[in-house]
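There are 2 protein chains.
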Amino acid sequence: MTLAYPLDDPRAARPASALSDAFDRHGVRMAYARNEEIYAQDDAVELLYRVVRGVVRTSRVTADGRRQVGAFYYPGDLFGLEPGPDHRFGAEALDDCEILVVRRSAVRAAAGDAELDRAILEAQRLEMERLQDHVVMLGRKSARERVASFLMSIAQRGGDDHADLAMGRQDMADYLGLTIETVSRMLTQLQGEAIVAFPSSRRFEIRKWTALEALAA
Amino acid sequence: MTLAYPLDDPRAARPASALSDAFDRHGVRMAYARNEEIYAQDDAVELLYRVVRGVVRTSRVTADGRRQVGAFYYPGDLFGLEPGPDHRFGAEALDDCEILVVRRSAVRAAAGDAELDRAILEAQRLEMERLQDHVVMLGRKSARERVASFLMSIAQRGGDDHADLAMGRQDMADYLGLTIETVSRMLTQLQGEAIVAFPSSRRFEIRKWTALEALAA
DNA sequence: GCCCGCGTTTGATCTGCGTCACGGAGGGGG
DNA sequence: CCCCCTCCGTGACGCAGATCAAACGCGGGC
Chain Y
1 MTLAYPLDDP RAARPASALS DAFDRHGVRM AYARNEEIYA QDDAVELLYR
51 VVRGVVRTSR VTADGRRQVG AFYYPGDLFG LEPGPDHRFG AEALDDCEIL
101 VVRRSAVRAA AGDAELDRAI LEAQRLEMER LQDHVVMLGR KSARERVASF
151 LMSIAQRGGD DHADLAMGRQ DMADYLGLTI ETVSRMLTQL QGEAIVAFPS
201 SRRFEIRKWT ALEALAA
Chain W
1001 MTLAYPLDDP RAARPASALS DAFDRHGVRM AYARNEEIYA QDDAVELLYR
1051 VVRGVVRTSR VTADGRRQVG AFYYPGDLFG LEPGPDHRFG AEALDDCEIL
1101 VVRRSAVRAA AGDAELDRAI LEAQRLEMER LQDHVVMLGR KSARERVASF
1151 LMSIAQRGGD DHADLAMGRQ DMADYLGLTI ETVSRMLTQL QGEAIVAFPS
1201 SRRFEIRKWT ALEALAA
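Residue numbers (the numbering used here), protein chains in the order written: chain Y, 1 to 217; chain W, 1001 to 1217.
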């Protein structure tokens, strides 16, 4: 059985223990293939999900086909806890991944209600902060700044100076509110200025942290 | 003493009673002048606020002076319950207004912890849905669509076909991620197509609901 | 190795919105 | 009543990013 929280993962200790226990005892391990749907936009909210392996993206597609990616979730992250009765964003597997799924009612039965609420509250805290930052980025940042911010956040997650992009350019674009071409251009631009280096299209290394930080605003 | 929840206000019955009671018993009524700061960006989060009269906006200003408005709050709305230890958006009075303020710890003492959490959860639900919609709007909608959505949401609040804009063009622009000029142009455009009518710059009436709905996407 | 298919990059052009500049309206104070 | 000040609308223009189009890798299958 794969360890859900690798020991070197800073998020390992994060979730409240009641919730963690519930996952361990009542969770069902599911496997999803690349681009497979985990839950659909407008599905009822009744489960909690935790990424074990792989990366998950949430997205919302408008009636006329425009897509906005809401977030990316990495191993250890909780997702699917949208506040309303049904999901306003769908969730899909970015690559092949394993997910722990638990019924909310099972968690509620296992832990005290108060404890459950607190655990969800904490996860929602992260979610809301992400949303707030996303709003500011989409509302007020240039394409260059958005791409820089994105690379920064990915790099911070890894801790190291270089990191892998789990997603392709289209997913980046849909997260950043840009087109795939603009994302690509900004990446080459940043490379040209030797701020980042891309040994391959999915792998990058930050060369000038201060320059990138300044751009990320 | 002004009645906090006018009887004809559909939001009157919304907040959980424990929280409502706490406001009534421990709340302090504060008055703020137009553009006065209620709390600052980066202030510690320790109070809960409820609008009694007037309108409040939350906003975040970046280091280089760009401003993003997060939300507008109307009488009956709870605000200030950001999830982190400190406020990522500041709050200011849009016009002269009265606010009920209560210390979180007072609420916690008055109600059971679980009850408090549930009440906050419910308010956060609204907040998160607002944020999600905001992200989609800023990421994927055109200027015309943003302005249309905004007018729709204002009109729905009033219920009636015509409504007052509590805010000026600059606040709209900063909420919609646009410039004041673009907002102005879109408004004249919509007027030109007889979709809305503006008897004065702060007051409007929707003439073609279906057309506006189609635009709001 | 070679071919094929998909994701990415790059180029050319277009356009929606931002920027800059100015004129007008409204309304509060003297 | 008039002035001034702030907010709003409009016009001309420029540019960032979208769109359209094509070429370039790179990895997998044969």
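Idealized CB from N, CA, C, for every residue including glycine.
Sequence-distant partners of W/Ile1180 (beyond 5 residues in either direction) whose C-beta falls short of 6 Å from its own C-beta, in its chain, are Arg1169, Gln1170, Ala1173.
Within the segment 21–59 of chain Y, the beta strand (DSSP E) runs of at least 3 residues that lie entirely inside it are, in chain order, 28–32, 37–39, 47–53.
Look at the segment 1135–1207 of chain W and you find these whole runs of beta strand (DSSP E), each 3 residues long or longer: 1162–1164, 1196–1200, 1203–1206.
Interface annotation for the segment 136–152 of chain Y against chain W: Val136, Leu138, Gly139, Arg140, criterion Cβ-Cβ distance under 7 Å. Straight-line measurement puts the Cα of W/Pro1085 at about 6 Å from the Cα of W/Ala1044. Judged by DSSP secondary structure, Y/Ala71 falls within the beta strand (DSSP E) whose first and last residues are 67–73. Under a criterion of Cβ atoms nearer than 8 Å, the residues of chain W adjacent to Y/Asp64 are, in order, Ala1217. Only Glu1082, Pro1083, Gly1084, Arg1088, Phe1089 from the segment 1080–1101 of chain W bring a Cβ to less than 8 Å from some Cβ of chain Y. At least one C-beta of chain W is nearer than 8 Å to the C-beta of Y/Ala114.
In this structure the segment 1091–1109 of chain W lies against the segment 1045–1057 of chain W, because at least three pairs of beta carbons, one per stretch, are closer than 8 Å.
A residue is called buried once 16 or more other Cβ atoms fall within 10 Å of its Cβ, and Y/Ala194, having fewer, is exposed. For Y/His134, at least one C-beta of chain W is nearer than 8 Å to its own C-beta. Between Y/Val136 and W/Gln1132, the gap from beta carbon to beta carbon reaches 8 Å or more. Taking C-alpha positions only, W/His1087 is separated from Y/Arg130 by approximately 14 Å. Cβ neighbours of Y/Phe204 within its own chain (closer than 6 Å, five residues either side excluded): Val196, Phe198.
Under a criterion of Cβ atoms nearer than 7 Å, no residue of chain W is adjacent to Y/Arg104; the nearest Cβ is some 13 Å distant. For W/Leu1212, the enclosing alpha helix (DSSP H) starts and ends at 1209–1216. Using a 10 angstroms sphere on the CB of W/Gly1054, the tally of other CB atoms reaches 16 or more, which defines it as buried.
Within the same chain, Cβ atoms closer than 6 Å to the Cβ of Y/Ala123 are found at Leu78, Leu81, the five residues on either side in sequence being excluded. Within the DSSP bridge table, the entry for W/Ala1093 names W/Val1056 as partners.
Under DSSP, W/Ile1099 shares a beta bridge with W/Met1030, W/Val1051.
Collapsing the DSSP output to three states places W/Leu1078 in a strand. The three-state reading of DSSP puts W/Asp1086 in strand, counting E and B together.
Under the Cβ distance rule, W/Gln1124 counts among the residues neighbouring chain Y, one pair being separated by less than 8 Å. In summary, the residues of the segment 150–182 of chain Y whose CB is separated from some CB of chain W by less than 7 Å are Gly177, in the order they occur in the chain.
The closest CA to that of Y/Leu19, considering only Y/Ala71, Y/Arg104, Y/Glu37, is found on Y/Arg104. The C-beta of W/Arg1057 comes no closer than 8 Å to any C-beta of chain Y. As DSSP reads the structure, Y/Val61 sits in a beta bridge with Y/Arg67.
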